[in-house]
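Q: Before we start, here is the structure in question, set down as structure tokens.
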Amino acid sequence: MHLVVLFGPPAAGKMTVGQELARRTGYKLFHNHMSIEPVLDVFDFGTPSFNRLTRQLRADVIEESVVAGLPGLIFTLVLALDLDEDTSGVADLVAPVVDAGERVDFVELVAPLEICLAREGTENRLRHKRYKTDVDWATAHNQEMHKKHRFNTEGDFPLDFPHSVVENVGSSPSDTAVKIIDLLGLTSIG
């Protein structure tokens, strides 16, 4: 199974680009909020129980995707590069793919803060991320997260995996997906 990890700052377009990439490659998409939203129904964001359950759900889906022999999985997440627990945590998440001798590629989406803030409240984002429906809160949270953490590598990728950088500004999600397909040498089916 080929695992493509799309990462970048909040609202950089990971899910939307992932949707296009899935459509064009036939890979399955497991975007970040597919693990966040069901857990939020029971536990508050950021609590130990919330963190433990979202991490476990992500690990289980990735591991089961390997066991099931999926041809490819696209996994999206916000990765705080300044936090060792985030970088070591994502290395743990992809370990079943590595252990199976399969391919893992990290693709970093880059978008400046003002673009990310403008994307809060878009129709696709609200449809798939119900905890973002309070756009004022989501915008403030995004700004706060940008002040606290570093979400783009700026050339310094801390993990030992293939890593590509794609600027996600001024092009459509479809065009960005095509760039990723070309960068990774994937076959497009649509």
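Residue numbering for the sequence shown follows the numbering used here, starting at 348 and increasing by one per position.
In this text, a Cβ means the ideal position worked out from N, Cα and C, and glycines have one as well.
All figures in this text were calculated on a predicted structure; none of them were measured in a lab.
Between which two residues does the beta strand (DSSP E) containing I421 stretch?
A: Per DSSP, I421 belongs to the beta strand (DSSP E) from 419-424.
Q: Rounded to whole angstroms, what's the CA-CA distance from F504 to V441? Just pull it up for me.
A: Computed Cα separation, rounded: 16 Å.
Q: Applying the 10 Å Cβ sphere with the 16-neighbour rule, what's the burial state of P356?
A: Buried is the call here.
Q: May I ask whether a heavy atom of the ligand GDP can be found less than 8 Å away from the beta carbon of L440?
A: Here there are no bound small molecules, and the ligand GDP is not part of this structure.
Q: Identify, in the order they occur along the chain, each residue of the same chain with its Cβ nearer than 7 Å to the Cβ of D391, setting aside the five sequence neighbours on each side.
A: Excluding residues within five positions, the ones whose Cβ falls inside 7 Å are F397.
Q: DSSP state of L376, grouped into three classes?
A: L376 falls in the strand class under three-state DSSP.
Q: Suppose the cutoff is 7 Å on Cβ atoms and the five residues either side in sequence are ignored; what does the same chain contact list for S521 look like?
A: Correct list, in chain order: E367.
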